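Enquirer: Just so we're aligned, residue 66 is where the sequence shown starts under the numbering used here, counting upward by one.
There's a structure below that I have some questions on.
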Amino acid sequence: MIQSMTGFGKASLQLPTKKITVEIKSLNSKGLDVSVRMPSAFREMELGLRNKIGVKLERGKIDFSLFVEVTGEETSSKINAPIVKAYIAQMQEVIPDADPTELMKMAVRMPDALKTEREEIDPNEWQNIEGVIDQALENIQSFRISEGVALEKEFLSRIANILAFMHEAVALDGERIANVKARLRTAIDELTVNVDENRFEQELIYYLEKMDITEEKVRLENHLNYFIETLAGTEANGRKLGFITQEMGREINTMGSKSNHAKMQKLVVQMKDELEKIKEQVLNVL
66 MIQSMTGFGK
76 ASLQLPTKKI
86 TVEIKSLNSK
96 GLDVSVRMPS
106 AFREMELGLR
116 NKIGVKLERG
126 KIDFSLFVEV
136 TGEETSSKIN
146 APIVKAYIAQ
156 MQEVIPDADP
166 TELMKMAVRM
176 PDALKTEREE
186 IDPNEWQNIE
196 GVIDQALENI
206 QSFRISEGVA
216 LEKEFLSRIA
226 NILAFMHEAV
236 ALDGERIANV
246 KARLRTAIDE
256 LTVNVDENRF
266 EQELIYYLEK
276 MDITEEKVRL
286 ENHLNYFIET
296 LAGTEANGRK
306 LGFITQEMGR
316 EINTMGSKSN
326 HAKMQKLVVQ
336 MKDELEKIKE
346 QVLNVL
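Right, dumping it as structure tokens:
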């Protein structure tokens, strides 16, 4: 079953003093492109996190965001007491009669009055966060699978359309050949010279062989069946599907160049239109 590269997954967890929220978005991409946004306190875990995302999602442009919302009485900023006292002492020298409360208000606004202590990662807390990340990854993968089901239905519908148009084109082959023979015979009859009928028949057979679309029909049908088989595969197969559509395009183009028949050319255009829509969506397949 195919998966889409487009998806979204979200999960959250309420800890005693903070709320953890993880959001993961993905779009189509030729390779794996991971962008990570998370608090600086968790940066040392980023490499392992990228590996986890790569193993789970394989391919796509991935935007990963880890949000931490403090909900309890917890802060990493503390008053730098020695600095604040030094500021107050200096201001008292300048303004001896100043109100100490006002001096305190002024001192805490001065540079370096507050210091931020680097938080150490709590192993138990990170284990809980990893659980949230795993849940978000499961959610985005479920999203991708459901999108893949929709893509598969569209692919099968368009493949059936191409097959139907191809059969219509093949059904016109007898009429097309008859028209070609009639045009050539008319052109010969209008000439004022004698024509060797045996040589004419040989040249006509050679010309008609050049216009024959039997091989293209057989190869296109094989490519269509191979595309359907690949859709049902269990591995990531977006690139393979892309290669198959290229081969399908070659056969359809060759049929168009050989057709020399208005109705058949119209059917070829319809096949090309269906194929282009398949190619657009194949870019989203994992």
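Built from N, CA and C at the ideal position, the CB exists for glycine as well.
Keep in mind it's a predicted model, so treat the numbers as computed, not measured.
Quick one: which unbroken beta strand (DSSP E) runs of 3-plus residues sit fully inside the region 77-119? Chain order, please.
Expert: Runs found: 83-92 and 97-102.
Enquirer: Which residues in the same chain as Y152 place their Cβ atom closer than 6 Å to its Cβ, once the five residues preceding and following it in sequence are excluded?
Expert: Excluding sequence neighbours, Y152 sits near A172 and M175.
Enquirer: Are the region 69-87 and the region 127-137 touching, with three or more C-beta to C-beta distances below 8 Å?
Expert: Because the criterion of three Cβ pairs below 8 Å is met, the region 69-87 and the region 127-137 touch.
Enquirer: Can you check which of these residues, Y291, T71 and M169, is closest to L221 by C-alpha distance?
Expert: Checked all of Y291, T71 and M169; the closest Cα to L221 is Y291.
Enquirer: Could you give the distance in angstroms between the alpha-carbon of I144 and the alpha-carbon of N189?
Expert: Roughly 28 Å between the two C-alpha positions.
Enquirer: Quick one: grab the DSSP three-state call for I144.
Expert: DSSP places I144 in strand when its eight states are reduced to three.
Enquirer: If you drop the 5 nearest sequence neighbours on each side, which residues of the same chain put their C-beta closer than 7 Å to that of I309?
Expert: Contacts found: H288, Y291, F292 and T295.
Enquirer: What residues in its chain sit with their C-beta under 7 Å from that of M336, if we drop five residues either side in the sequence?
Expert: I227, F230, M231 and I317.
Enquirer: So, using beta-carbon positions, are L202 and G72 closer together than 8 Å?
Expert: Not a contact, by the Cβ cut-off of 8 Å.
Enquirer: I'd like the span of the beta strand (DSSP E) that includes G298, first residue to last.
Expert: From DSSP, G298 is part of no beta strand (DSSP E); its letter is neither H nor E.
Enquirer: Thinking C-alpha only, which one of A163, M110, E300 and V197 is nearest Q68?
Expert: Comparing Cα-Cα distances from Q68 to each of A163, M110, E300 and V197, the minimum goes to E300.
Enquirer: Report the option in A297, A234 and K323 whose CA atom is closest to the CA atom of E362.
Expert: Examination of residue 362 is not possible in this model, given that the chain is present from 66 through 351 alone.
Enquirer: Count the other C-beta atoms from every protein chain shown that fall within 10 angstroms of the C-beta of L348, then say buried if there are 16 or more, exposed otherwise.
Expert: Classification of L348: exposed, given that the 10 Å Cβ count is below 16.
Enquirer: Express the C-alpha separation of E341 and L332 in angstroms, rounding to a whole number.
Expert: Spanning the two alpha carbons is a distance of roughly 14 Å.
Enquirer: From the DSSP output, in three-state form, read off L179 for me.
Expert: The answer is strand: DSSP assigns L179 an E or B state.
Enquirer: How close, in whole Å, do the beta carbons of K126 and S105 come, if the pair is a contact with beta carbons under 8 Å?
Expert: Actually they are not in contact, since the Cβ atoms of K126 and S105 sit about 24 Å apart, beyond 8 Å.
Enquirer: Between the C-alpha atoms of V159 and L168, what's the straight-line distance to the nearest angstrom?
Expert: When rounded, the distance between both Cα atoms is 11 Å.
Enquirer: For the candidate residues G298, D277, G303 and E339, whose alpha-carbon lies nearest to that of H326?
Expert: The option with the nearest alpha carbon to H326 is D277.
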